[in-house]
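J.:
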Amino acid sequence: MVILFYFQYILFFEAISLLNFLFFSYFKDLVGREVTVELKNDLAIRGTLHSVDQYLNIKLENTRVVDQENYPHMLSVRNCFIRGSVVRYVQLPPEGVDIELLHDATRREARGG
Numbered sequence: 001m002v003i004l005f006y007f008q009y010i011l012f013f014e015a016i017s018l019l020n021f022l023f024f025s026y027f028k029d030l031v032g033r034e035v036t037v038e039l040k041n042d043l044a045i046r047g048t049l050h051s052v053d054q055y056l057n058i059k060l061e062n063t064r065v066v067d068q069e070n071y072p073h074m075l076s077v078r079n080c081f082i083r084g085s086v087v088r089y090v091q092l093p094p095e096g097v098d099i100e101l102l103h104d105a106t107r108r109e110a111r112g113g
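For the record, in the sequence shown the residue sitting at position 52 is 52 according to the UniProt record's numbering, with numbers rising by one throughout.
1) How about residue 27 and residue 52: do their beta carbons lie closer than 7 Å?
2) Can you tell me whether DSSP reads residue 47 as helix, strand or coil?
3) Can you give me the start and stop residues for the beta strand (DSSP E) that residue 91 sits inside?
4) Is residue 1 helix, strand or coil by DSSP?
5) Rounded to a whole number of angstroms, what is the C-alpha to C-alpha distance between residue 34 and residue 107?
6) Taking all protein chains shown into account, decide if residue 37 is buried (16 or more other Cβ within 10 angstroms of its Cβ) or exposed.
7) To the nearest angstrom, report how far apart residue 48 and residue 81 are at their CA atoms.
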């Protein structure tokens, strides 16, 4: 029983690592484009994606807060580093999404393969 639990534990973390790698690879292709990052504390920051690392930490340049009325103290921030664990969503530019690739992946998933 303990061996089975350990095996499931290892598989879970390998799946998480693979998922992080897929997101990391995707975000690396978006460097230089404008994205909006929504944090778990409801703060949304829009800026140019400067870099992303394997932990999905994000560095933005030329930032501005989406809701300036609720976060006036953030008006002077122009560059920021965002820890990956506090990110809720990353809104991508429309040209950064390959619709055909998403359709193909959805069809493959629906067929079970």
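Built from N, CA and C at the ideal position, the CB exists for glycine as well.
T.: In short:
1) The residue given as residue 27 occupies position 27 in the sequence shown. The residue given as residue 52 occupies position 52 in the sequence shown. A contact, by the Cβ cut-off of 7 Å.
2) Within the sequence shown, residue 47 is the residue found at index 47, counting from 1. DSSP places residue 47 in strand when its eight states are reduced to three.
3) Within the sequence shown, residue 91 is the residue found at index 91, counting from 1. 87-91 is the extent of the beta strand (DSSP E) around residue 91.
4) Translated into positions along the sequence shown, residue 1 becomes position 1. Since pLDDT at residue 1 reaches only 48, below the 50 mark, its modelled position is unreliable, and the value read off the structure follows with that caveat. Three-state result, residue 1: coil.
5) Translated into positions along the sequence shown, residue 34 becomes position 34. Translated into positions along the sequence shown, residue 107 becomes position 107. Each residue's alpha carbon lies about 29 Å from the other.
6) The count along the sequence shown starts at 1 and reaches residue 37 at position 37. With 16 or more Cβ atoms within 10 Å of its Cβ, residue 37 is classed as buried.
7) One-based indexing of the sequence shown puts residue 48 at position 48. One-based indexing of the sequence shown puts residue 81 at position 81. Near 12 Å, if we compare the C-alpha coordinates of residue 81 and residue 48.
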